[in-house]
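Below: the structure, in structure tokens.
Protein chains: 2
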Amino acid sequence: MPSRPPDITMDAVYTKPGYLFRRMQQIAVSIFVEECREFDLTPVQYAALVAIQTHPGIDATRLSAVIAFDRSTLGSVIERLESKGHIERKPSAEDKRVKLLYLTRTGGALLRAIMPAVDRAQARMLAPLKAADRKMLMALLAQLVDLNNEVSRVPLRAEDALEHLGKAG
Amino acid sequence: MPSRPPDITMDAVYTKPGYLFRRMQQIAVSIFVEECREFDLTPVQYAALVAIQTHPGIDATRLSAVIAFDRSTLGSVIERLESKGHIERKPSAEDKRVKLLYLTRTGGALLRAIMPAVDRAQARMLAPLKAADRKMLMALLAQLVDLNNEVSRVPLRAEDALEHLGKAG
DNA sequence: TCTTAATTGACAGTATACTGCCAATTTGAT
DNA sequence: ATCAAATTGGCAGTATACTGTCAATTAAGA
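Residue numbers (my numbering), protein chains in the order written: chain A, 1 to 169; chain B, 1001 to 1169.
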């Protein structure tokens, strides 16, 4: 036996879920940015804008729960959205710590305008698959993300996180 | 009609592939880091180490093609792996521009030692699904990533990228 | 050969993500 | 009422990712 094959091959990477998830995320972001180039909005900024429109007057901590972001990361995202004029930060009357987030008129207009591009991007990500496979993949992925929700640093808390806002419940 | 419902709900985010891919990536990295904490190695660093072991003497540009990384990102990854003593960078004799990458003994030992933890992490990511669903999800995802390969900035080039190294072909 | 192309590695700048820390503030327990 | 605990936003530091640029070097063409 002259030549010993390496203990590990690249299949130790390529076929594993971790690698495929990372790769797919790279591709998804790439497609999103490409389709939405004219609006100068990243996927994360888009999600934040939608959440702020859906929950006007939300604060940063609750926003992070609603879109499952890290709070530290969110700070800079909010700052960028504010400096672009898409959102406003107003101090709360009841709690001097919090700053409430609101969409501006231009932010709302941007959100309406960008929708078709976002839809195109989302469609392109799955385009190579057959319709039945697309459906199956999304169903399995939604299930897996939900069942693993508690794992990441910021689990998704969706609407229940908003009951202190006096808007729900 | 007193109260007009918002034009957009959070389903414009939650149910979309882009969001699910990002969320799943977050979760996968979180699990990997948790399982491999004692080895102080990130998913990206792990992939790079495996690729360097599989292709000793590879250069940074080809490495980026083999693991589908951005070359700019890879620079700092390599630097970190080198400063931890896991890899070595040696100047090439033929081409004064390139620096060839080799695993060190401690790098090889680390790779062998970390394997069980990596396997545990990969298993945990899919653990909430039934066996048949795991298989289905991986098959669909592998297919989708492959069919979208050309989209991202650094398409995966796998082994064909190495034919100039005088090792293959 | 000489000029142009392309390649390689490095760097600057921006944008997620995460860990961990901090001060100001609010809440809860006593 | 007061002190401890929790919350909020912010910051420093690290690690991917990407865009774009650059100098050194090599390869290719006229």
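Idealized CB from N, CA, C, for every residue including glycine. Since this is a predicted model, take the numbers as computed values, not measurements.
Along the chain, where does the beta strand (DSSP E) that runs through residue i open and close?
| i | result |
| --- | --- |
| Leu101 of chain A | Lys99 to Leu103 |
Can you tell me where the alpha helix (DSSP H) with residue i in it begins and where it stops?
| i | result |
| --- | --- |
| Pro17 of chain A | Pro17 to Glu35 |
| Arg134 of chain A | Ala131 to Leu147 |
| Ala1012 of chain B | Asp1011 to Tyr1014 |
Would you list the one or two residues that DSSP bridges to residue i?
| i | result |
| --- | --- |
| Ile1087 of chain B | B:Leu1103 |
Quick one: what does DSSP say residue i is sitting in, helix, strand or coil?
| i | result |
| --- | --- |
| Ala121 of chain A | helix |
| Ile58 of chain A | strand |
| Glu150 of chain A | coil |
| Ile1067 of chain B | helix |
| Glu94 of chain A | coil |
| Gly1166 of chain B | Confidence in Gly1166 of chain B is poor, its pLDDT being 38 and thus under 50, which makes the residue's placement too unreliable to answer from. |
| Ala1161 of chain B | Low local confidence applies: a pLDDT of 47 at Ala1161 of chain B is under 50, so the model's placement there is unreliable, with the coordinate-based value given in what follows. Helix at Ala1161 of chain B. |
| Leu81 of chain A | helix |
| Ile1052 of chain B | helix |
| Thr42 of chain A | coil |
| Leu156 of chain A | coil |
| Ile114 of chain A | helix |
| Ala127 of chain A | coil |
| Ile1008 of chain B | coil |
If you measure between the beta carbons of residue i and residue j, is that distance less than 8 Å?
| i | j | result |
| --- | --- | --- |
| Leu1156 of chain B | Leu137 of chain A | no |
| Met10 of chain A | Val1050 of chain B | yes |
| Ile27 of chain A | Val1151 of chain B | yes |
| Leu101 of chain A | Gln53 of chain A | no |
| Ala80 of chain A | Gln122 of chain A | Ala is not the amino acid found at residue 80 of chain A; the sequence shown has Arg there. No; because the gap between Cβ atoms is not below 8 Å, this pair is not in contact. |
| Arg1022 of chain B | Gln25 of chain A | yes |
| Pro17 of chain A | Val29 of chain A | no |
| Ser126 of chain A | Gln1143 of chain B | Just to set this straight, residue 126 of chain A is Leu in the shown sequence, not Ser. No, these two residues do not count as a Cβ contact at 8 Å. |
| His86 of chain A | Gly57 of chain A | no |
| Ile1078 of chain B | Ala1047 of chain B | no |
| Asp1070 of chain B | Val1098 of chain B | no |
| Val33 of chain A | Leu1020 of chain B | no |
| Ser64 of chain A | Leu74 of chain A | yes |
| Ile1031 of chain B | Arg1124 of chain B | yes |
Between the region 1112 to 1123 of chain B and the region 1038 to 1048 of chain B, do three or more beta carbon pairs fall short of 8 Å? yes
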